[in-house]
Amino acid sequence: MSLMEKLQEAKSDRNVVFTAVEQLTDPTEMKQFYQEYVAHLRQNGDSAEVRANPESVANSNIGYIVGYYDKETADRWMNTIPSVSHPIFGKNVFSVAPEDAFKAGQLAATEGTEKARQYIEGKK
3 MSLMEKLQEA
13 KSDRNVVFTA
23 VEQLTDPTEM
33 KQFYQEYVAH
43 LRQNGDSAEV
53 RANPESVANS
63 NIGYIVGYYD
73 KETADRWMNT
83 IPSVSHPIFG
93 KNVFSVAPED
103 AFKAGQLAAT
113 EGTEKARQYI
123 EGKK
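Here my numbering is used: the first residue of the sequence shown is 3, the next is one more, and so on.
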């Protein structure tokens with residue numbers, strides 16, 4: 003049984019990436035999960051675009067999810083897997099003011115992630 007399958011089995015009622023972010027701290031296991039997750043997206047992604055570029059989707063998904071956790075957790079994942087970053091805030095998830103994060107969220111919902119990213123870049 004793969005690491006990803008074990009994590010999914012442990013908490014079958016939630017997204018496996020949340021479980022991985024919460025439970026994995028060993029860099030070797032984190033990299034193994036990433037490789038298995040990319041392979042899963044390549045094989046089972048919900049669109050041709052996801053299946054064609056699973057690394058990009060994995061990087062964004064993991065990057066987005068680590069934004070819900072503390073800086074230590076986010077840094078651990080982003081340092082272990084350098085290609086991982088938040089899809090809007092990049093590597094600086096915790097340097098964004100709450101009001102700017104809220105505005106970026108509104109932009110992402112109405113105009114797309116790229117507009118939200120441009121807004122945050124303009125704030126630096």
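Virtual Cβ for every residue (Gly too), placed ideally from N, Cα, C. Please read all numbers here as calculations on a predicted model, not as lab measurements.
TODO: Evaluate contact between the region 50 to 70 and the region 85 to 94, counting only Cβ atoms and requiring at least three cross-stretch pairs below 8 Å.
DONE: Flag = yes, the region 50 to 70 and the region 85 to 94 touch.
- [ ] For Asp107, name the three-state secondary structure that DSSP assigns.
- [x] Looking at the sequence provided, one finds Gly at residue 107 rather than Asp. Judged by DSSP in its simplified three-state form, Gly107 adopts helix.
Open item on the list: Going by beta-carbon coordinates alone, are Val95 and Trp79 separated by less than 7 Å?
Closed with: No, they are not a contact pair.
- [ ] Use the C-beta contact count for Thr21: other C-beta atoms within 10 angstroms, 16 or more gives buried, fewer gives exposed.
- [x] A residue is called buried once 16 or more other Cβ atoms fall within 10 Å of its Cβ, and Thr21 is buried on that count.
Open item on the list: From the DSSP secondary-structure annotation, give me the bridge partner or partners of Gly92.
Closed with: His88.
Task: Contact under 7 Å by Cβ, Phe91 with Val98 - done: If you check the CB distance, Phe91 and Val98 come in under 7 Å.
Open item on the list: Are the CB atoms of Leu9 and Tyr18 within a distance shorter than 7 Å?
Closed with: Reading off the sequence, residue 18 comes out as Val, not Tyr. Yes, they are a contact pair.
Task: Nearest to Pro29 (by Cα), restricted to the options Ile122, Ala118, Asn81 - done: Closest in alpha carbon position to Pro29, among Ile122, Ala118, Asn81, is Asn81.
Task: Length of the line joining the Cα atoms of Ala110 and Ser14 - done: Computed Cα separation, rounded: 29 Å.
- [ ] Can you have a look at Tyr39 and say buried or exposed, based on whether 16 or more other CB atoms are within 10 angstroms of its CB?
- [x] Buried, because 16 or more other Cβ atoms sit within 10 Å of the Cβ of Tyr39.
TODO: Could you check the C-alpha separation between Leu43 and Glu57 for me, to the nearest Å?
DONE: About 8 Å.
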